[in-house]
Structures are given as structure tokens and as C-alpha cells.
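K.L.:
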Amino acid sequence: MSSFDDSDAYEGASLAARAMAARAMPYLDELNPEQRAAVEALDGPVLMLAGAGTGKTKALTTRIVHLLNTGRARPNEILAVTFTNKAAREMKHRVGRMMGEAVEGMPWLGTFHSICVKLLRRHAELVELNSNFTILDTDDQIRLLKQLIRAANIDDKRWPARALAGVIDHWKNRAWTPDNLPASEAHAYDGKGPALYRMYQTRLCELNAVDFGDLLMHMVTIFQAHDDVLKQYQRWFCYILVDEYQDTNVAQYLWLRLLAGGHQNICCVGDDDQSIYGWRGAEVGNILRFEKDFPGAHVVRLEQNYRSTAHILAAASGVIAGNKGRLGKELWTDAEGGEKVRLIGHWDGETEARWIGEEIEAMQYGTRGLQSYGLDKMAILVRASHQMRAFEDRFLSIGLPYRVIGGPRFYERLEIRDAMAYFRLVVSPSDDLAFERIVNTPKRGLGDKAQQKIQMAARENGVPLMQGARILLQNKGLTGKGATELTRLLDNLERWAMMTRARVIDAGEGEVIDDGGIEVGEPEVNHIELAQIMLDESGYTEMWQNDKSPDAQGRLENLKELVKALEQFENLSGFLEHVSLIMDNNSEDASEKVSIMTLHAAKGLEFPVVFLPGWEDGLFPSQRSMDESGQTGLEEERRLAYVGITRAEEVCTISFAGNRQVFGQWQSQLPSRFIDELPEAHVDVLTAPGLYGGNYGAAGMSAGIETRAAEADVYSSPGWRRMQARNQQRTVSKPKTNVIDVQATSAHTMGDRVFHQKFGYGAIVGVDGDKLEIEFEKAGLKKVIAKFITGADDIPF
DNA sequence: TACGAGTTCTCTATG
DNA sequence: AGAACTCGTA
Numbered sequence: 001m002s003s004f005d006d007s008d009a010y011e012g013a014s015l016a017a018r019a020m021a022a023r024a025m026p027y028l029d030e031l032n033p034e035q036r037a038a039v040e041a042l043d044g045p046v047l048m049l050a051g052a053g054t055g056k057t058k059a060l061t062t063r064i065v066h067l068l069n070t071g072r073a074r075p076n077e078i079l080a081v082t083f084t085n086k087a088a089r090e091m092k093h094r095v096g097r098m099m100g101e102a103v104e105g106m107p108w109l110g111t112f113h114s115i116c117v118k119l120l121r122r123h124a125e126l127v128e129l130n131s132n133f134t135i136l137d138t139d140d141q142i143r144l145l146k147q148l149i150r151a152a153n154i155d156d157k158r159w160p161a162r163a164l165a166g167v168i169d170h171w172k173n174r175a176w177t178p179d180n181l182p183a184s185e186a187h188a189y190d191g192k193g194p195a196l197y198r199m200y201q202t203r204l205c206e207l208n209a210v211d212f213g214d215l216l217m218h219m220v221t222i223f224q225a226h227d228d229v230l231k232q233y234q235r236w237f238c239y240i241l242v243d244e245y246q247d248t249n250v251a252q253y254l255w256l257r258l259l260a261g262g263h264q265n266i267c268c269v270g271d272d273d274q275s276i277y278g279w280r281g282a283e284v285g286n287i288l289r290f291e292k293d294f295p296g297a298h299v300v301r302l303e304q305n306y307r308s309t310a311h312i313l314a315a316a317s318g319v320i321a322g323n324k325g326r327l328g329k330e331l332w333t334d335a336e337g338g339e340k341v342r343l344i345g346h347w348d349g350e351t352e353a354r355w356i357g358e359e360i361e362a363m364q365y366g367t368r369g370l371q372s373y374g375l376d377k378m379a380i381l382v383r384a385s386h387q388m389r390a391f392e393d394r395f396l397s398i399g400l401p402y403r404v405i406g407g408p409r410f411y412e413r414l415e416i417r418d419a420m421a422y423f424r425l426v427v428s429p430s431d432d433l434a435f436e437r438i439v440n441t442p443k444r445g446l447g448d449k450a451q452q453k454i455q456m457a458a459r460e461n462g463v464p465l466m467q468g469a470r471i472l473l474q475n476k477g478l479t480g481k482g483a484t485e486l487t488r489l490l491d492n493l494e495r496w497a498m499m500t501r502a503r504v505i506d507a508g509e510g511e512v513i514d515d516g517g518i519e520v521g522e523p524e525v526n527h528i529e530l531a532q533i534m535l536d537e538s539g540y541t542e543m544w545q546n547d548k549s550p551d552a553q554g555r556l557e558n559l560k561e562l563v564k565a566l567e568q569f570e571n572l573s574g575f576l577e578h579v580s581l582i583m584d585n586n587s588e589d590a591s592e593k594v595s596i597m598t599l600h601a602a603k604g605l606e607f608p609v610v611f612l613p614g615w616e617d618g619l620f621p622s623q624r625s626m627d628e629s630g631q632t633g634l635e636e637e638r639r640l641a642y643v644g645i646t647r648a649e650e651v652c653t654i655s656f657a658g659n660r661q662v663f664g665q666w667q668s669q670l671p672s673r674f675i676d677e678l679p680e681a682h683v684d685v686l687t688a689p690g691l692y693g694g695n696y697g698a699a700g701m702s703a704g705i706e707t708r709a710a711e712a713d714v715y716s717s718p719g720w721r722r723m724q725a726r727n728q729q730r731t732v733s734k735p736k737t738n739v740i741d742v743q744a745t746s747a748h749t750m751g752d753r754v755f756h757q758k759f760g761y762g763a764i765v766g767v768d769g770d771k772l773e774i775e776f777e778k779a780g781l782k783k784v785i786a787k788f789i790t791g792a793d794d795i796p797f
């Protein structure tokens, strides 16, 4: 940081002198005119509308470097927020590289959440918290809510805790505290939402805990109620940069506006066409309204794309053009040539996975006259994570290496969470949620009854569960095996806690500590060894060693990895802090693999070869999205399609299947409406190579493009008959009495005798959205789209 | 209290 | 299809 001490010289420098200095800055020459404009407009509000692949991160990082180089700010005076840890890391890395030194001094470059944790630790007392509060993850949150719901005598069957969690999350995204909850929300969660919200917040306070939503909300509350605190930070953060501004929710928006309220030196970067997080509270309105919020804002559009071929860009533009209310941007490139976007229909999800697997292998080895690509140059982007399984199954069986990005994350795994609960309990013995998690894991004969007694003892004495358990034992409220085991657990926990403390006090002394648990002469126990000791002595490791289920071995390996991860940290609490915010699962693995991930996880990434499977109505666009948010939902889905296509640099392949298993039930699918929106001039329709011996691919395809009635020809192939036979068996062997609410859809009711073009006559046995479940007289149980059904009686004879 | 069979619910996505 | 959860039995 000392290299910036003479930076004051710039403060008084004339514009001309500054311009001179700027000319000497080589990094500016690497920018195109628009990027350069965005970088050089240092003061006042700036909105950078950056389309996909237009060098947004480059502009953003260069801007930071420019701020530093011109002496406008020191590294610790720049507030730069991103949404993901990955983006933050990337930016840190790039700034560091450009500055030619490690930029240790950018402490305020991070995610909204990590920055808010830092701030909240400093001002925790202003919202009645202690600065060492714990951060609950979704799992803890749900368990806590479940307790409250049950305590309030609500049937959590009818009103699941997850739903309440969703409602509360929604409120927190809007920065609505229990006190300023709008009246319009009174009905939420059967009218009990607001009261439960209040109870939840009180309970969090008692536990000295916050959830993710609180991090932002508490800071907004603090800034609003304590002007002195706000002013302090307004002065300190003299320049603010925001990445992915289109993804900000109301709380984040308020937070930013408060912080930028003085100098207004705020630069927001975003792309309204890539706003795909409306479901978690993001407000596209924030970016659309920027110029109103910050009058005199400088708006820069980055439209030159450096990533994709013209065909890919044209396809993406064609799709996104269907959306209304865009800020308006058109990507262009001076790159020429390239392959058209490829489109192919398949029989079912399995066939689709198989075809993509073969295609990947062909591209890998460059056979069929195609260029050869490494596996890590290829990615499969799906709408919903359950689509991944078909690919994993297939790739496992053909031995194609793949990597799932953003799947079940390391720190969310059962064994990791259990182990972490032990660590948490040692660091903060009053962590009741952690205690509940591990009292009986491994089995200690402490079931519901015993746990209830512990709860009771704790509540009566107004102490945390661990103390409550002690009291219970002293009062002989528990006897036998349970009592012995509980005593041992408590003793262990205390001993381990003492070992951490001994470590802290005597750190660096190299002295031998005898705190009762360790033999004299043993070397000092560091947190890594301690973690291992805890896992071993608690019997947790043993539990998995004795477990003969197939995944037990993997779990043990994960535990080893967890202990190894501790090496990067000074102590246990530092580690816990990290984990609560960084849920990344970036096991850096250099080997070449195909990436499989959701479209959401793919935002910000790019690959030479991209596969976009599952483009079927209901799956993509997702039915749920459209049901819940109507036109808005559909537009968000369309943006998702846009994001997907624009991930591709050279080859983009879109596919759909005519049949797919959903919830274990076969369903016929229609090609996505987005397929109709692809401009034909930029699309190459592929024919499936002789699978099932038919040319259904071609037939289905053209039908897909022109009429979307792909069903017709598909159903005459041998594969279809085989499928039908399987369906028959399925329904015979396991008669499914899937009795769904006897709700009428627009025209048909349960029990109606109906007619379907292809399947013939049948009776409606279930209704699921716009789909009807029909027991066909010939074809068996099928789910079909309601509009393809006519009442049997409607047919004129 | 532990375990296994049966039943119901899920499948958007993030820190 | 698989996970999560419930309930009855040993």
C-alpha cells in the first residue's frame, strides 16, 4: 500500500496532466472505445450495460486499476461487490495481475454477503447481536422454523417449514423487518406468517445467529437508523463498483444507494438481458431505473462481442427479441464464418444423453471431419439439476470423464455438516442447533424422549442445551446407557473446547500443554489435529467405518478432505466463518472433463462447445416459472435461453426429447416454444443418425420448427412401441392410484371419457397443471397436454 | 430406542 | 426415480 502514499500528488493535478498520465497507461490501449469510456468516467454514477461476452470483467477490473493508478482511491477505499465468490476471486486475481503485485489491500472486494458479514461484526450490537454471531445455513434455518411451527401447533404437513422459509426469505430480500412488514403480507403462510417471522427473528437473536437474508437486512436497518455509521462508510468507500447489477434485490439496492448517497461515485455493471434471478428477489427494475435513481448518470453500452460466432449471436438475438421492456442492446462481432446453431430432436431423454455422449466423443477425437476439442472445452447446460442424471448415467457407462459444477456442494453433505456441528459446538458451546444435530449422531441411545428432557431442562433454567444436559444429568433426570453416553459426550466437548483455548493462549510458545486430556510430552495440539481427535473420539469416524452402505467410503474420504481443508486456516473459528459464506465446491482438478451444470451456474462462463438439452415446453421454459410468474416468468426463462446460447463460442447444439420421465412417470413433451424463436437462417437441423431405424428426427424436427406438433411421427417408431409395452407393465405391476385433487381443468374433469389423436380413448384419472393423466384403453397410463384432448362426447359421430 | 417397510413429496437456481 | 418422512414392530 506504501506505493500509493504519494498518490495525493494526483489530487491537485490538472486535467491535462491527468490526461498525460492516462496516455502513459498501457492498459487503456487494450480497450475498445466503449470500454475505455466506461473506464475513464471515474467520477459520478456510471451504468455499464455490458452484453454477454463484451469484455465486462476486463472493463471492470481495468477501472479498478485506473482508480488506483490515478490516485483517486487507495485499495481499501474501493468497495467492489459481486454475487458469487467465483466472480470476486476472478476480479481479485485480474486486478492483482494488472497491478503486477498481489493486491492484498483490496479488503472490500467481495460478495454482498461477505462484505456485510464484515460490517455486521463491527456493528452487531446495533441490532442486538454479539459480534461473534453464527451464520445459519438453509438447513439450520429450516430446522429452526420447524420447531417454531410445531410449537405454535401448526400442522407442518399442510404448511411446510420450507414454505415459511421461502416467505421469510422473500421479505428479507425486500428488507422488510417484522416491524415494517406491509399489511399486504398479513395473509402469508395461512395468516400466521408475520407472527412466526417475529418469533423467528427473536429466536435468532437469542441464539446470537443470523441467516443469509439477515446479513443484508441488518446492515440496511443499521444504516437507516444510525446516520453516523452510514456517514463513516460513505466517506470511507469513495468509489463503489457493482457487478451483475441486474441481479440485485431490494435490500442490496437500498444498501448500495445508502452507501453511494454522498459522492455518488458508483459504477454498476449489468445486462438486463441476463437477469435470471427474479425468483430469488432480484429486481430488473433496479437496472432499468438507474438513470432515475442517479440523475446525470453516464450510460455506456458494450455491444461488441468477442466470444461467439455470428450465427450464435444471431440465434441468441432472435430469442431475446421476444422480450418486452428491454434497455435495448444488439451484440455484434467482426468475426466471420462458423457453424450454425445445431438443432436436433430425440426420442427420449436417454437417447438424447446417448447422442450427446457420442457427439462429445466424436468432437474429442476430431472424427467425422470435425475439429477436435478437449473435453474441458465442452459443456452441457441444463435447465434443472435433475436433468443431469441422464448424462451422468450415460457418461459413467461409457467412461466419459465429466464434472458436475454446482451440484450438491461439499459443505452441504451430511457428513460434513455433522462434523462441522462438532466443530461449532467446541467453538461456541451455546450453539443449540449444532448440539441437536450431533447429540445422537453417532447413536448414543439418546432418542426423542431424552432429547425432550434436555430441551426441558434447558428451557426451565434459561440456558443453552449443553448446560441443560448437564443439569439434567446432575438431577438424575436421565439414567442408564443414555446417561453414561451423554456424560461422555459432554465431557469430551468440554475437553476439546479447552484444547482450542489452550492453543489460543499458548500459541507460538511451543510449550507442552497438559489440560487433562493430553499426555504430558505430547506435542501441542493444533486445530487440525484437534479436528481429527474430535472426529475419532466422538465415534463419528467409526460410525462410517462400520457403515456398509456403498457411499460410506466416499463419506470417509470427504471427512479427510475436510480435515485437510483446515490447513489453510489459523484456527477453527476462522474456518467456520469461511465455510458459512463460501459454499463453493471447487476441488481444483486439472484433468480434462466435460462440464455439466445448470444454466444458472453457467452465467459468466464460456465454452467453445455447448450442448443445450431438454428444450421442451414445461421443462424449458419451466412450467413452474410460468405458473408462478406468468409473462414475467416466461421472459425470465427466455433470458435464460439467451444466457445459454451466448455461453457458446464456436458450436452450440440445442436438443429436445419427445418423451421424458418426470417424477418417475413418462410424459410426452413438446419442443420448447423458444425453438420456434430461433431464426431459421442461423440454424442447422440435424437428423438423428438411424437410431431406432427411423427418420423421426427429421420429421419431428421440421414439425418442431413449423408447427410444434412433433408428436405425430415420433409415435410410430419401434422404440415407441417398446416404451408403451414398458408403460403397460409398469402400470400393471404397480397399479398407481395417484389420485390427484378432483379439480377440473378448463374443459375436462376426473373420470371423463376423452379422445386423443394418437392414443385413442381413455379416462382421466388425474390432473396436473395443464397436463392430464389419462388411462388410455389401448396405450395405458399417459400424461398428455390438455389441449390435445377432446371430450369423447364432443366428437360428432 | 432402533430399524425397516411403507408413504408422500419432489424437480428450478444462490450466498 | 430418489429422498425425506411416518409409523409399527422388535
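Under full-length UniProt numbering, the residues of the first sequence are numbered 1 to 797, in order. Don't be surprised by glycine CBs; every beta carbon is placed ideally from N, CA and C.
Drop a sphere of 10 angstroms on the beta-carbon of histidine 682, count the other beta-carbons inside from all chains shown, and report buried for 16 or more, exposed for fewer.
P.N.:
Residue numbering aside, residue 682 sits at position 682 when the first sequence is read from its first letter. Flag for histidine 682 reads buried.
K.L.:
Could you check where the alpha helix (DSSP H) with methionine 466 kicks off and where it finishes?
P.N.:
Along the first sequence, one-based indexing puts residue 466 at 466. Unbroken alpha helix (DSSP H) run through methionine 466: 465–474.
K.L.:
Are alanine 38 and valine 242 closer than 8 Å when you measure CB to CB?
P.N.:
As a first step, residue 38 must be located in the first sequence, where it is residue number 38. As a first step, residue 242 must be located in the first sequence, where it is residue number 242. Taking 8 Å as the Cβ cut-off, alanine 38 and valine 242 do not qualify as a contacting pair.
K.L.:
Per DSSP, what kind of secondary structure is alanine 297 in: helix, strand or coil?
P.N.:
For the purposes of this step, residue 297 is identified with residue 297 of the first sequence, where counting begins at 1. Of the three classes helix, strand and coil, the one that applies to alanine 297 here is coil, per DSSP.
K.L.:
Do you know whose CA, among Gly633, Ala225, Glu649 and Phe294, lies nearest glutamate 606's CA?
P.N.:
Locating residue 606 in the first sequence gives position 606, counting from the first residue. The shortest Cα separation from glutamate 606 among Gly633, Ala225, Glu649 and Phe294 belongs to Glu649.
K.L.:
Quick check: arginine 174 and glycine 281, are their CB atoms within less than 8 Å of each other?
P.N.:
On the first sequence, residue 174 is found 174 positions in, with the first residue counted as 1. On the first sequence, residue 281 is found 281 positions in, with the first residue counted as 1. For arginine 174 and glycine 281, yes; Cβs fall inside 8 Å.
K.L.:
Where do the N-terminal and C-terminal ends of the beta strand (DSSP E) with cysteine 267 fall, by residue?
P.N.:
Here residue 267 refers to the residue found at position 267 when the first sequence is read from its first residue. Residues 266–270.
K.L.:
Quick check: the stretch 334–350 against the stretch 644–660, are at least 3 beta-carbon pairs closer than 8 Å?
P.N.:
Yes, the stretch 644–660 is in contact with the stretch 334–350.
K.L.:
Methionine 217 lies in the alpha helix (DSSP H); which residues open and close that run?
P.N.:
Along the first sequence, one-based indexing puts residue 217 at 217. Per DSSP, methionine 217 belongs to the alpha helix (DSSP H) from 212–225.
K.L.:
Among Leu119, Cys205 and Leu535, which residue has its Cα nearest to the Cα of aspartate 418?
P.N.:
On the first sequence, residue 418 is found 418 positions in, with the first residue counted as 1. The candidate whose alpha carbon is nearest that of aspartate 418 is Leu535.
K.L.:
To the nearest whole angstrom, what separates the beta carbons of lysine 146 and aspartate 139, a pair I think is in contact under 8 Å?
P.N.:
Sequence index remark: in the first sequence, residue 146 carries index 146 (1-based). Sequence index remark: in the first sequence, residue 139 carries index 139 (1-based). The pair is not a contact, with the Cβ atoms about 11 Å apart (cut-off 8 Å).
K.L.:
When burial is assigned at 16 or more other CB atoms within 10 Å of the CB, is methionine 363 buried or exposed?
P.N.:
As a working mapping, residue 363 is identified with position 363 in the first sequence. Buried: at least 16 other Cβ atoms inside 10 Å.
K.L.:
So what does tryptophan 332 bridge to, in DSSP terms?
P.N.:
Here the question's residue 332 lines up with position 332 in the first sequence. Tryptophan 332 pairs with Gln304.
K.L.:
Could you tell me the distance, in whole angstroms, from the CA atom of glutamate 34 to the CA atom of leucine 302?
P.N.:
Numbered from 1 along the first sequence, position 34 holds the residue referred to as residue 34. Numbered from 1 along the first sequence, position 302 holds the residue referred to as residue 302. Near 6 Å, if we compare the C-alpha coordinates of leucine 302 and glutamate 34.
K.L.:
Does arginine 488 come out as helix, strand or coil in the three-state DSSP assignment?
P.N.:
As a first step, residue 488 is located in the first sequence; it is residue number 488 there, counting from the start. Residue state, collapsed to three classes: helix.
K.L.:
In three-state terms, what does DSSP make of methionine 99?
P.N.:
Within the first sequence, residue 99 is the residue found at index 99, counting from 1. It is helical.
K.L.:
Do you know how far the Cα of tryptophan 236 is from the Cα of isoleucine 528?
P.N.:
Here residue 528 corresponds to residue number 528 of the first sequence, with the count starting at 1. Here residue 236 corresponds to residue number 236 of the first sequence, with the count starting at 1. The alpha-carbon atoms of isoleucine 528 and tryptophan 236 are separated by roughly 37 Å.
K.L.:
Count the other CB atoms, across all protein chains shown, that sit within 10 Å of the CB of proline 182; report buried if there are 16 or more and exposed otherwise.
P.N.:
The sequence position of residue 182 within the first sequence is 182, counting from 1. It is exposed - the Cβ of proline 182 has fewer than 16 other Cβ atoms within 10 Å.
K.L.:
Can you have a look at arginine 437 and say buried or exposed, based on whether 16 or more other CB atoms are within 10 angstroms of its CB?
P.N.:
Taking the first sequence and counting its residues from 1, one reaches residue 437 at position 437. Buried: at least 16 other Cβ atoms inside 10 Å.
K.L.:
Between the stretch 631–644 and the stretch 392–406, do three or more beta carbon pairs fall short of 8 Å?
P.N.:
Output reads no: the stretch 392–406 does not touch the stretch 631–644.
K.L.:
Using 8 Å as the threshold, is the C-beta distance between glycine 270 and tyrosine 245 below it?
P.N.:
For the purposes of this step, residue 270 is taken as the residue at position 270 of the first sequence. For the purposes of this step, residue 245 is taken as the residue at position 245 of the first sequence. Yes, they are a contact pair.
K.L.:
Decide if the stretch 568–583 is in contact with the stretch 471–478; the criterion is three or more beta carbon pairs, one per stretch, under 8 Å apart.
P.N.:
The stretch 568–583 vs the stretch 471–478: no contact.
K.L.:
Determine the DSSP secondary structure at histidine 170, reduced to helix, strand or coil.
P.N.:
In the first sequence, counting from the first residue as 1, residue 170 sits at position 170. Of the three classes helix, strand and coil, the one that applies to histidine 170 here is helix, per DSSP.
K.L.:
Would you report the Cα separation of aspartate 137 and glutamine 264, rounded to the nearest angstrom?
P.N.:
For the purposes of this step, residue 137 is taken as residue 137 along the first sequence, with counting starting at 1. For the purposes of this step, residue 264 is taken as residue 264 along the first sequence, with counting starting at 1. Taking the straight line joining both Cα atoms gives about 34 Å.
K.L.:
When you compare each of Pro160, Asp432 and Ala590 to arginine 203 by their alpha carbons, which one comes out closest?
P.N.:
On the first sequence, residue 203 is found 203 positions in, with the first residue counted as 1. Closest option to arginine 203, Cα to Cα, is Asp432.
K.L.:
Tell me whether serine 48 sits in a helix, a strand or coil according to DSSP, three-state version.
P.N.:
Numbered from its first residue, the first sequence carries residue 48 at position 48. Reading the sequence as shown, one finds methionine at residue 48 and not serine. Methionine 48 falls in the strand class under three-state DSSP.
K.L.:
Kindly confirm or deny that the stretch 163–174 and the stretch 440–450 touch, where touching means at least three C-beta pairs closer than 8 Å.
P.N.:
These segments do not touch.
K.L.:
Across which residues does DSSP place alanine 209 in a beta bridge pair?
P.N.:
Your numbering for residue 209 matches position 209 in the first sequence. Alanine 209 pairs with Thr134.
K.L.:
Are at least three pairs of beta-carbons, each pair with one atom in the stretch 622–629 and one in the stretch 422–432, less than 8 Å apart?
P.N.:
Contact fails: fewer than three Cβ-Cβ distances are below 8 Å.
K.L.:
Would you identify the three-state DSSP class for alanine 310, choosing helix, strand or coil?
P.N.:
In the first sequence, the residue the question calls residue 310 occupies position 310. Three-state result, alanine 310: helix.
K.L.:
With DSSP as the reference, label leucine 109 as helix, strand or coil.
P.N.:
Start at 1 with the first residue of the first sequence, and residue 109 comes out as number 109. Three-state DSSP puts leucine 109 in a strand.
K.L.:
Taking the C-alpha atoms as reference points, what is the distance between lysine 593 and phenylalanine 674?
P.N.:
For the purposes of this step, residue 593 is identified with residue 593 of the first sequence, where counting begins at 1. For the purposes of this step, residue 674 is identified with residue 674 of the first sequence, where counting begins at 1. Each residue's Cα considered, the two are about 29 Å apart.
K.L.:
Going by other Cβ atoms of all chains shown within 10 Å of its Cβ, with 16 needed for buried, is threonine 221 buried or exposed?
P.N.:
Here residue 221 corresponds to residue number 221 of the first sequence, with the count starting at 1. Its Cβ being crowded by 16 or more others within 10 Å, threonine 221 is buried.
K.L.:
DSSP puts asparagine 249 in a beta bridge; with which residues?
P.N.:
Within the first sequence, the letter at position 249 stands for residue 249. DSSP lists Ala282 as partners of asparagine 249.
K.L.:
Which residue from Leu215, Ile764 and Phe410 puts its Cα closest to that of leucine 129?
P.N.:
If you number the first sequence from 1, residue 129 lands on position 129. For the residues Leu215, Ile764 and Phe410, the minimum Cα distance to leucine 129 belongs to Leu215.
K.L.:
Nearest by alpha-carbon distance to glutamate 415: which of Asp551, Gly96 and Gly399 is it?
P.N.:
Translated into positions along the first sequence, residue 415 becomes position 415. It is Asp551.
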